[in-house]
Amino acid sequence: MTQRIPEEVVNAVRRELDVVDVISEYIQLKKQGRNFTGLCPFHGEKTPSFSVSQDKQLYHCFGCGAGGNVFTFVMEYEGLSFLEAIQKLGKKTSVALPEIDEAAQEAPKQEEKSWYKGHELAMKMYHHLLVSSPEGKKAREYLRGRGFTKEVIDRFQIGYAPDSWNFLTDFLTKRGLDPKEMSTCGLLAARESDGKQFDRFRDRIMFPIWDKRGNVIAFGGRVLDPENKPKYLNSPESEVFNKGSLLYHFHGARPSMKRKNEAVLFEGYVDVISAYRAGIEHGVGALGTALSDEQARMLRRNADKVILCYDGDNAGQTASWKNAEILMNAGLEVYISVLPDGQDPDDYIQQYGTERFADNIIGRPKTLMEFKSGFLRRDKDMSLEADQLRYAEEMLIEIGKLPKALERDHYLKQLEEEFSLSYEVLKQEMKEHVQNNVKARTKEVRQVQRKETAARAKKMQTAEEKAEQDLITLMLHSEEAAERVEERIGSAFQNETNQALAALLYSYYASGHNSDPARFIESVQDNDLKQQAAALAMKQIHLDLTEQVMDDYVNQILYRAPVKRQIEHLQQLMKQTSDREELTKYVNQLVELKSKLQ
Numbered sequence: 001m002t003q004r005i006p007e008e009v010v011n012a013v014r015r016e017l018d019v020v021d022v023i024s025e026y027i028q029l030k031k032q033g034r035n036f037t038g039l040c041p042f043h044g045e046k047t048p049s050f051s052v053s054q055d056k057q058l059y060h061c062f063g064c065g066a067g068g069n070v071f072t073f074v075m076e077y078e079g080l081s082f083l084e085a086i087q088k089l090g091k092k093t094s095v096a097l098p099e100i101d102e103a104a105q106e107a108p109k110q111e112e113k114s115w116y117k118g119h120e121l122a123m124k125m126y127h128h129l130l131v132s133s134p135e136g137k138k139a140r141e142y143l144r145g146r147g148f149t150k151e152v153i154d155r156f157q158i159g160y161a162p163d164s165w166n167f168l169t170d171f172l173t174k175r176g177l178d179p180k181e182m183s184t185c186g187l188l189a190a191r192e193s194d195g196k197q198f199d200r201f202r203d204r205i206m207f208p209i210w211d212k213r214g215n216v217i218a219f220g221g222r223v224l225d226p227e228n229k230p231k232y233l234n235s236p237e238s239e240v241f242n243k244g245s246l247l248y249h250f251h252g253a254r255p256s257m258k259r260k261n262e263a264v265l266f267e268g269y270v271d272v273i274s275a276y277r278a279g280i281e282h283g284v285g286a287l288g289t290a291l292s293d294e295q296a297r298m299l300r301r302n303a304d305k306v307i308l309c310y311d312g313d314n315a316g317q318t319a320s321w322k323n324a325e326i327l328m329n330a331g332l333e334v335y336i337s338v339l340p341d342g343q344d345p346d347d348y349i350q351q352y353g354t355e356r357f358a359d360n361i362i363g364r365p366k367t368l369m370e371f372k373s374g375f376l377r378r379d380k381d382m383s384l385e386a387d388q389l390r391y392a393e394e395m396l397i398e399i400g401k402l403p404k405a406l407e408r409d410h411y412l413k414q415l416e417e418e419f420s421l422s423y424e425v426l427k428q429e430m431k432e433h434v435q436n437n438v439k440a441r442t443k444e445v446r447q448v449q450r451k452e453t454a455a456r457a458k459k460m461q462t463a464e465e466k467a468e469q470d471l472i473t474l475m476l477h478s479e480e481a482a483e484r485v486e487e488r489i490g491s492a493f494q495n496e497t498n499q500a501l502a503a504l505l506y507s508y509y510a511s512g513h514n515s516d517p518a519r520f521i522e523s524v525q526d527n528d529l530k531q532q533a534a535a536l537a538m539k540q541i542h543l544d545l546t547e548q549v550m551d552d553y554v555n556q557i558l559y560r561a562p563v564k565r566q567i568e569h570l571q572q573l574m575k576q577t578s579d580r581e582e583l584t585k586y587v588n589q590l591v592e593l594k595s596k597l598q
């Protein structure tokens, strides 16, 4: 077995891949001119600043600076080492990869490896107990009674934790796993009195929870005996399990989600599995009612539309309202599937069947304003005039938030017809709410603009910085340009990053490589340098490196830039002195330096 993949094999894999095709498996890309654009998967944004060049086989985000080639993207997105990324992407090509020594791979931290292994073993053990053992008979009968088929149980690897304090503890210990580590990652628990480990989950139906890469990192356990509390017990959060950055079954639902350009969001894992039985393959669970901005961005990167399907009780509908706002702010088109009061998706399917759930609930969601209208009526007696007016006032606030005048006009007319109110009065009231919203938004926008202006001021390029970056960009695309720059400028780049990139490019071409930005970036080890190289390689530069252009660059970098720095230094000295003779000396030097620039 080898510890590395030969360069010619890496190049062969890269030649058979298209960066646009690979990145499109993770996020939505749209053609824009010569490049493709989308929402950056590495930071939250509403306006696409992520650009992918098919010609150059590179990507770059103009918002956060992330950039690189096809291998870099998969490494950053999935948290893989270079060897792991090559192995994953190599399967998409016809290239035969050598067998890799697993011990040589840049694996997760040692304790995390054991955590993943422990959860994987526990999942298989729990699943075996459910489907094949006498201990799992009661759980099997319960699930069959709820309509869970063997196909669904196998698909979601549902299992059963026996009613024992040490069954899993002994099972993992016999396989060489440290019980203390298994307790640290939440698989086991520890007694407060003496720290001794024991089984956290007992007599529960077990639902594995996966990360984005499909690794089992946690469990949810549901009681069989309704007298036992709590009804649902989740693994505690750990270094590998953070509920706010995960969605249940996201790794399994993503292909269908991207294909339909739609996601269905449920409260938990049982709802996702029940909906899957009804043919809803693009369903994911929030692992609780509170949705995070990161979870919303995960959905936005894979779909334009999301349907919320939460419990029909007041808590579920309140969560729908709050989470709809978060999803809208992430740029998603939001719809709400409303269940009868007191029912969750599993209850509804048990009572009415999978077809009715798919057709009537998921297939006929309400618009967000329809949902809000129904929600605002819940605690009101609409036969009372006071409640009618309170409802109308609350609806005007929500109507005022709508971005399109046509939508606002539609709902104003609905209020006019239902309550025989004056359209003009309603419109005037709504305008006041709109103005209040505009004022609030304007304030937010101005704050953002001030921050952006300050950031731009910091990033303003000097002529020297532009000259250096233009030369690096030319060098990335031309071996001849690199030779000429090395001859005229060598290592005299003033910016440290540009100096490092120039040195790497000189070495790259000296090793016999042809000009290939994607291949060069692959050879750069430092992540910051890799991102800067990707950003420069993505620049559109149309200058031919004529002698005149080269002379201008050399003059700017070797002569004008140092003189400017001397001028700035003198100006600082002039501010710090009150000695007339010294000041006169500085002024004379300043005049001489400025004459050099002219």
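Residue 586 in UniProt numbering sits at position 586 of the sequence shown, with consecutive numbering throughout. For every residue, glycine included, the Cβ atom is placed at its ideal position computed from N, Cα and C.
Apart from sequence neighbours up to five positions away, the residues of its chain that approach Cys64 with a beta-carbon distance below 7 Å are Cys40, Phe42, His43, ordered along the chain. DSSP, read as helix, strand or coil, puts Arg204 in strand. When the five nearest sequence neighbours on each side are left out, the beta carbons in the same chain lying within less than 7 Å of the beta carbon of Gly38 are those of Ile27, Gln28, Leu29, Lys30, Pro48, Phe50, in order along the chain.
DSSP places Asp516 outside both helix and strand once states are collapsed to three, so it counts as coil. With fewer than 16 other CB atoms across the displayed protein chains lying within 10 angstroms of its CB, Gly279 is exposed. According to DSSP, Ser51 shares a beta bridge with Thr37, His60.
When DSSP assignments are scanned along the region 256–302, the uninterrupted stretches of alpha helix (DSSP H) that are 4 or more residues long and fall wholly within it turn out to be 269–277, 293–300.
Between the C-alpha atoms of Leu558 and Ile489 there is a straight-line separation of about 8 Å. For the beta strand (DSSP E) assignment, the uninterrupted runs of no fewer than 3 residues enclosed by the region 166–254 are, from N- to C-terminal side, 188–190, 197–199, 204–210, 216–223, 232–234.
By the criterion of at least three beta-carbon pairs nearer than 8 Å, the region 519–537 is in contact with the region 502–511. When Gly268, Leu545, Glu429, Leu426 are compared, the shortest CA-CA separation from Glu479 is found for Leu545. Fewer than three pairs of CB atoms, one per stretch, sit closer than 8 Å, so the region 178–191 makes no contact with the region 292–305. According to DSSP, Leu308 shares a beta bridge with Leu265, Ile336. The continuous beta strand (DSSP E) containing Tyr160 extends over residues 159–161. When the Cα atoms are used, Val223 and Lys305 turn out to be separated by approximately 34 Å.
A residue is called buried once 16 or more other Cβ atoms fall within 10 Å of its Cβ, and Lys174, having fewer, is exposed. Our two residues, Ser81 and Val272, have alpha carbons roughly 32 Å apart in a direct line. Setting aside the 5 residues that flank it on each side, Leu121 is surrounded in the same chain by Phe171, Leu172, Arg175, Leu177, each with a C-beta closer than 8 Å to its C-beta; the list follows chain order. Using a Cβ-Cβ distance cut-off of 8 Å, the region 86–95 and the region 122–132 are not in contact, since fewer than three pairs of beta carbons, one from each stretch, lie closer than that value. For Gln32, DSSP records a beta bridge to Asn35. Ile472 is the residue among Ser491, Ile472, Val587 whose C-alpha sits nearest the C-alpha of Ala535.
Per DSSP, Gly90 has no beta bridge partner at all. Contact between Gly67 and Tyr77 is ruled out by a C-beta separation of about 13 Å, above the 8 Å threshold.
For the pair Leu168 and Phe201, the CB atoms are nearer than the 9 Å cut-off.
Counting C-beta atoms within 10 angstroms of its own C-beta, His128 has fewer than 16 neighbours from the protein chains shown and is therefore classed as exposed.
DSSP lists Tyr335 as the bridge partner or partners of Thr367.
Straight across, the Cα-Cα distance linking Glu239 with Tyr248 is about 17 Å. Between the alpha carbons of Asp346 and Ser422 lies a distance of about 44 Å. Here the C-alpha atom of Arg364 lies approximately 20 Å from the C-alpha atom of Gly285. One Cα belongs to Gln157, the other to Ile307, and the distance between them is close to 26 Å.
Distance from Ala481 to Met475 at the Cβ level is roughly 5 Å; contact confirmed, criterion being Cβ atoms closer than 8 Å.
Excluding sequence positions up to five before and after Pro236, its CB lies within less than 6 Å of the CB of Gly186, all in the same chain and listed in chain order.
The way I'd put it, the region 396–407 does touch the region 365–381; three or more beta-carbon pairs between them come closer than 8 Å. Sorting Val9, Arg34, Glu8, Ala12 by C-alpha distance to the C-alpha of Val20 places Arg34 at the top. Beta-carbon to beta-carbon, Ala218 and Asn234 are separated by about 7 Å, close enough to satisfy the 8 Å threshold. Taking C-beta atoms as the reference points, Ile336 and Asp293 fail to come closer than 9 Å.
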